[in-house]
Amino acid sequence: MPKRNLALYIDDILDSISAIQSFTAGLSFENFAQDRKTYSATIREYIVIGEAIVALKEPLENRFPSYSWRMIKDFRNFIVHEYFGIDARIIWDLTTQELPELESMVRQLQKQLAETP
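All the letters of the sequence shown, read from the start, carry residue numbers 1 to 117 under full-length UniProt numbering.
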């Protein structure tokens, strides 16, 4: 498998964030938790984010050392391997409270990489 550059992983994360935001726009928690397609699609995008974060670990940790990048990786592992124990409220809270901050940091990294020769 060919090695991908960091910009492609950033694009993966931003595409997944955009998809999650699109899937959940205008929904209440109750609607989200009861809509299996939206719930499943959102979880799948978090898996993509987690995989891409692993590839971007070093540049993200260097730029944003206080953020818990390990938590994202661990969360990805949890939703893949412990899928039967996922709490919809946790997914919803991440989506509504944490995702905007993650998007901001990834966009900052994207800008920084674009400015680096």
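By construction, the Cβ of each residue, glycine as well, lies at the ideal position given by its N, Cα and C atoms.
Next item on the list: State the DSSP-derived secondary structure class of LEU56, mapped to helix, strand or coil.
Entry: It is coil, neither helix nor strand.
Notebook entry, point to check: If we ignore side chains and look at the alpha-carbon of each, how far apart do GLU30 and TYR39 end up?
Noted result: In this structure, the straight-line span from the alpha carbon of GLU30 to that of TYR39 is close to 11 angstroms.
Margin query: What would DSSP say about GLY26, mapped onto helix, strand or coil?
Written below: Here GLY26 carries a coil assignment [DSSP, helix/strand/coil].
Margin query: Using the three-state DSSP reduction, which class does ASN77 fall into: helix, strand or coil?
Written below: Helix at ASN77.
Next item on the list: On a CA-only basis, which of SER104, LYS111, LEU6, ARG89 is nearest ALA52? Give me that one, please.
Entry: Nearest option by C-alpha distance: LEU6.
Next item on the list: Consult DSSP for GLY66 and reduce its assignment to one of helix, strand or coil.
Entry: The displayed chain sequence assigns Ser, not Gly, to residue 66. Under the three-state reduction of DSSP output, SER66 falls in the coil class, being neither helix nor strand.
Item checked: Assigned exposure category for SER104 - 16 Cβ within 10 Å defines buried -> Here SER104 is exposed. Its C-beta has fewer than 16 other C-beta atoms within 10 Å.
Check: So what's ASN5 in DSSP terms, helix, strand or just coil?
Finding: Residue state, collapsed to three classes: coil.
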